[in-house]
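Enquirer:
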Amino acid sequence: MNDIILSTQNGEPVASSREVAKRFGKEHKHVLAAIRQILAAENSATKFFHETAFEYRGQRFPEYLMNRDGFALLAMGFTGKEAVTWKLKYIEAFNQMEKQLSAQHKDQQAVQDANIQNAIDRVIEARKKLDENTAFLDECRKNREDSKAKYMQVKALCGEFKAIYGQHCDTVRTMENVVRGSQSFLTSAIDNLTIVSKGYPFYAALMDSLLDGLPAEKKEE
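The sequence shown runs 101 to 321 under this note's numbering.
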């Protein structure tokens with residue numbers, strides 16, 4: 101099987117020490133020993149190798165995951181024509197994986213940028229809507245206060261006019277009673293005059309002169 105198997109760790113491609121041992125025709129324990137020699141000789145190499153473990157028949161065994169630089173350090177000790185071939189294949193595999201990860205990162209970044217921009221646009225739109233609604237609310241409150249002030253003014257005037265109207269109504273009712281009393285008194289006086297002047301030669305002319313221009317009774321509608 102010639103396909104190189106790589107995985108990813110912390111966003112970069114890594115190769116398994118077991119896979120490297122298999123491709124280069126070496127025992128895994130010898131590859132582990134070579135990696136540990138590199139780590140012992142150079143402390144900074146720890147950032148190129150990550151120790152982990154795998155399970156086999158219920159037991160756990162150590163292995164290392166290495167990035168491109170870790171593989172380059174390890175592969176320097178592998179010689180022979182076949183070793184060169186696998187080095188080139190691993191280099192190509194790392195290149196392809198890095199391109200894929202870079203493309204994925206760009207796609208993810210583009211999606212994230214679009215999501216962020218959409219979120220920003222929503223915030224701007226929401227803020228604009230809030231400002232518009234707040235301004236309209238302020239205008240509504242001002243109109244309410246203006247209307248309230250005018251209403252209170254009109255209410256005060258209405259109260260004054262209502263009181264005056266009530267006074268006039270009371271006066272009219274009082275005067276209606278007074279007029280009715282006067283009419284009753286006049287009727288009584290006429291009856292009395294009729295009685296005392298009955299048969300008097302000028303009775304008819306006297307009554308006409310006394311009752312001429314007498315206003316008719318009016319009632320409030």
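Backbone N, C-alpha and C define an ideal beta-carbon position, used for all residues, glycine too.
If you run the structure through DSSP and keep just helix, strand and coil, what is Gln253?
Expert: In the structure shown, Gln253 sits in a helix (DSSP, three-state: H, G or I).
Enquirer: If you run the structure through DSSP and keep just helix, strand and coil, what is Met176?
Expert: Coil.
Enquirer: Sort Ser117, Thr274 and Lys250 by Cα distance to Leu387 and report the nearest one.
Expert: Look at the range of the chain in this structure, 101 to 321, and you will see that residue 387 is not part of it.
Enquirer: Where does Arg157 sit, in a helix, a strand or coil, going by DSSP?
Expert: DSSP places Arg157 in coil when its eight states are reduced to three.
Enquirer: For the alpha helix (DSSP H) holding Ser107, just list the boundary residues, first then last.
Expert: Unbroken run through Ser107 is the beta strand (DSSP E), Leu106 to Gln109; no alpha helix (DSSP H).
Enquirer: Taking just the CA atoms, how far does Met197 sit from Ile104?
Expert: The straight-line gap from Cα to Cα measures roughly 11 Å.
Enquirer: Compute the beta-carbon to beta-carbon distance between Phe194 and Pro113, rounded to the nearest angstrom, for a pair I have assumed lies under 8 Å.
Expert: About 6 Å separates the two Cβ atoms, so the contact holds.
Enquirer: Check this for me: beta carbons of Glu163 and Ala153, under 8 Å apart or not?
Expert: Taking 8 Å as the Cβ cut-off, Glu163 and Ala153 qualify as a contacting pair.
Enquirer: What number of angstroms, rounded off, separates the C-alpha of Asp291 from the C-alpha of Glu276?
Expert: If I take the Cα positions, the gap works out to 22 Å.
Enquirer: Output the boundary residues of the alpha helix (DSSP H) element that contains Ala121.
Expert: Its alpha helix (DSSP H) spans residues Ser117 to Arg123.
Enquirer: Starting from Phe149, follow its DSSP beta bridges and name the residues at the other end.
Expert: In the DSSP output, where bridge partners are listed per residue, Phe149 has Met166.
Enquirer: With respect to the alpha helix (DSSP H) encompassing Lys129, which residues constitute its N-terminal and C-terminal limits?
Expert: Taken as a continuous stretch (DSSP letters only), the alpha helix (DSSP H) holding Lys129 covers His128 to Ala141.
Enquirer: Starting from Val114, follow its DSSP beta bridges and name the residues at the other end.
Expert: Bridge partners of Val114: Ser107.
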